[in-house]
Amino acid sequence: MVIDNDNLTSDNWIFKSNNELSFINRIISESKPLNALCYKIYQGFVLTPTEVFPVSIVGEHDSFYKIKPIKLDDIIYEIEKDLLVPIVKSSSIFRYHFESKNYHSVFPYRYIDDKKVELISESVLKDKYPKALHYLTSKSEYLKSRENGKWASSPNWYEYSRKQNFECQKMKKILVPGLATNARYALADDNTFIDQGSYGIILNENNKQFEKFILGVLNSKLLDFIFKSGSGTLSGGYFSYQTKYLNDLPIKLPKKLSEKIMHDEIVKNVELVLKLTADIQIETDTAKKEQMKGRVAYAEQKINEIVYELYNLTPEEIKIVEGQ
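Quick note: the sequence shown uses the working numbering, first residue 868, plus one each step.
Next comes the structure, spelled out in structure tokens:
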């Protein structure tokens, strides 16, 4: 393989043949970068210290849960239901679906509206949420000593270490795990909370109509091939699906009538995959499950074929992508 010196920049070097670089650059020139279509591409909550915030539910009463910290603690605590939120971990995000497991975070905040939050004061915790305050107080050593004692004398000693993207958790989004061997994008409704191992892609108002279309394109072989061209391989064959690598993914929105027809076909197949994938999760008959998986594979192949056509790939270029 011959590499053109002009393609070696000060950025990370990703070695591709001139043929590959040629059609990737052509696609980029004919498309819009993903971040230009988005309100934000964001990282989920940083739940540190992990000895405090991440918990599992082990029992339930009318107004509170019995909880157990995920890390280093076998004691069972109690906490008011209002101060616990379910969290989707990166390992629970798959192609076109995600799983909600018994993974939650203590959440000492209240939403004023969908875009604004405030930390609940210690006096309000004492009055309305004494179980939560008792739990946080029992973990105060971890909370106050984090980041070299930054919170040791702070009245907000129990707040999250990183106070960003609260509004994003309340919005509809496309999820992607931060580390994966292949594309694993899933659609999530509002009020789906994710942790720091996952990323959310929130389209802006003008482009929300393309949500399922973009979901299908992102999960396609072509876009994952392009993604991997700009993101180095990590150990175990994993790639980093962080914001900085997602930002520039080329999305070709439909303009001409022929492209709008392709858009509609992609959306139709994405909707079929979403329905079948949801049905597979609850189906108990093994034979029916396998049949549905076959239909999913067929629909995904159709999406790939339409994406190749949409992005004007030649047969030779398709062979390069298929051989990734």
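Positions of the beta carbon are idealized from the N, C-alpha and C atoms, including for glycine. Predicted model only: the values in this text are computed from it and were never measured.
Distance between residue j and residue i (C-alpha atoms, nearest Å)
i: S1012; j: Y1027; result: 13 Å
i: S896; j: L1116; result: 11 Å
i: E1138; j: A1047; result: 23 Å
i: H1130; j: E985; result: 41 Å
i: P1044; j: A1053; result: 10 Å
i: W1024; j: K998; result: 17 Å
i: C1035; j: F1077; result: 19 Å
i: L1082; j: L1180; result: 20 Å
i: K1079; j: I942; result: 44 Å
i: T1059; j: I1128; result: 32 Å
i: L1101; j: Y976; result: 36 Å
i: E1184; j: F890; result: 7 Å
i: F1094; j: S898; result: 14 Å
i: S1007; j: D949; result: 21 Å
i: H964; j: H928; result: 30 Å
Classification of residue i by the beta-carbon crowding that lies within 10 angstroms, buried from 16 upward
i: G1064; result: buried
i: S1020; result: exposed
i: D1057; result: exposed
i: Y1178; result: buried
i: V925; result: exposed
i: P1022; result: exposed
i: A1145; result: exposed
i: A1164; result: exposed
i: P1182; result: exposed
i: R1051; result: buried
i: V1174; result: buried
i: Y909; result: buried
i: G1161; result: exposed
i: G1099; result: exposed
i: L939; result: exposed
Backbone secondary structure at residue i - three-state DSSP
i: K935; result: strand
i: G1190; result: coil
i: Y1112; result: helix
i: F1077; result: helix
i: I943; result: coil
i: F1094; result: helix
i: A1047; result: strand
DSSP beta-bridge partners of residue i
i: T1100; result: F1106
i: S972; result: P921, V952
i: L1042; result: A1053, G1067
i: V984; result: Y978
i: P900; result: P1117
i: F1060; result: I954
i: K907; result: I1069
i: F961; result: H964
i: F912; result: D1062
i: E927; result: Y932
Which residue spans inside the stretch 1114-1163 form an unbroken alpha helix (DSSP H) run of at least 4?
1124-1149
Just to confirm the assignment: which complete alpha helix (DSSP H) runs, minimum length 4, are found wholly within the stretch 990-1032?
997-1005, 1007-1016
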